[in-house]
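Shown next, in structure tokens, is the structure this report addresses.
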Amino acid sequence: MRAKLDLILINQCKMNRFLLPEEKILFQPPNMPALLLDTIEQVKIFEKFLSNDVQLADTCYYLKSFPLGNDEARAVPKLMSNLMSNSLAQEFNFDGHGAKLAFKSTKLWELVQGTLLLKFDQSDLSEALKTLRSWLRNAKGRKN
């Protein structure tokens, strides 16, 4: 029953965005945990929040409203620096090799993909993936 209700809510959100484009003034989704994520515990809380598809979609639309620029490769670092601190980024790599956590298996990656696809609807996200890998790899060298 809950899954069916979630599906109905997702479809209703999609229809509202299409039928009422003037309603696209975006606000932070209700009960969204505070950003900038700085600890693994905060990531777990945010992941739980994003596990609801409606909240994930609303958060994508909210983040799309951030000033990300018109270039996919430049949008990734701007988006990521609004999501997580450099000290937290050091705990991740994209694939999860070694002692690091796999970013690709998180809801955060789904959030990044969704936000970028809303902003750059013709993209295959290959540039974003390359830039994200580099952003995670170079986190240690950036100041917090």
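So for the sequence shown, the UniProt record's numbering puts the first residue at 1; every next one is plus one. Each residue gets a CB set at the ideal place from its N, CA and C atoms; glycine is no exception.
Segment contact: the region 75–86 against the region 111–119, three or more CB-CB distances shorter than 8 Å; contact assigned.
Non-local beta-carbon contacts of T115 in its own chain, meaning distances under 7 Å to residues more than five positions away in sequence, involve C60, L63, K64, L79 in chain order. In the displayed model, L36 falls within coil according to three-state DSSP, outside both helix and strand. Positions of the alpha helix (DSSP H) runs, each at least 4 residues long and wholly inside the region 68–100, are given as 72–83, 86–89 in order along the chain. In the DSSP assignment, A102 forms a beta bridge with N93.
Exposed is the label assigned to N138, since fewer than 16 other Cβ atoms lie within 10 Å of its Cβ. By the neighbour-count definition (other C-beta atoms within 10 Å, threshold 16), E41 is an exposed residue. Counting only the Cα atoms, S105 lies some 14 Å from L136. Boundaries of the alpha helix (DSSP H) harbouring L108: 107–119, taken from the DSSP string. By the Cβ neighbour-count rule, F27 is exposed, with fewer than 16 other Cβ atoms within 10 Å of its own. Following the DSSP letters along the chain, one finds D124 in no alpha helix (DSSP H), marked with neither H nor E.
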